[in-house]
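Novice:
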């Protein structure tokens with residue numbers, strides 16, 4: 001018998017691979033809580049809109065995933081997203097570990113973990129290498145990401 005929680009996570013990642021933000025959003029509960037090192041914590045429609053924004057801007061994107069594991073109403077997975085960071089044109093290979101909580105067949109919590117300094121070195125080049133590990137630069141990255149999301153949501157009328 002197939003594991004419905006593993007199938008849900010598989011569906012989420014297949015949608016991600018296909019740049020299908022609506023498919024990803026359909027895997028989320030309306031009260032989703034998403035967290036990662038760049039955006040911090042997002043709730044509800046913010047999380048779905050983050051994927052809509054990111055995937056609409058995706059350039060030279062590919063995703064591999066695997067190691068999906070489930071236990072009760074939790075799941076975990078590993079993925080590697082490769083893409084061109086549009087503001088600098090630099091290629092990023094982001095190695096991500098994800099944890100999920102599931103309720104009623106939908107993801108209610110999604111936490112992505114990755115090395116923000118490693119990400120900033122790839123995305124920003126020398127500036128990221130020299131300063132990407134500092135709280136000041138990391139705070140600026142988060143602020144810019146949140147501002148971009150707010151602008152995207154405003155334009156969408158979300």
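In the UniProt record's numbering, the protein residues as written are 1 to 158.
Ideal placement from N, C-alpha and C gives every residue a C-beta, glycine not left out.
Please read these numbers as outputs of a predicted model, since none were measured by experiment.
(1) CB residue 59 to CB residue 66, shorter than 9 angstroms?
(2) Skipping 5 residues on each side, what residues in its chain have a beta carbon closer than 6 angstroms to that of residue 81?
(3) Among 99, 48, 51 and 56, which one has its Cα closest to the Cα of residue 73?
(4) Run through the DSSP bridge pairs and tell me what residue 109 is partnered with.
(5) Cα-Cα, which of 140, 52 and 36 is closest to residue 155?
(6) Please state the DSSP three-state secondary structure of residue 1.
Specialist: According to the structure data:
(1) no
(2) 63 and 94
(3) 99
(4) 33 and 101
(5) 52
(6) With a pLDDT of only 41 at residue 1, under the threshold of 50, the placement of this residue in the model should not be trusted; the figure read from the coordinates follows. DSSP places residue 1 in coil when its eight states are reduced to three.
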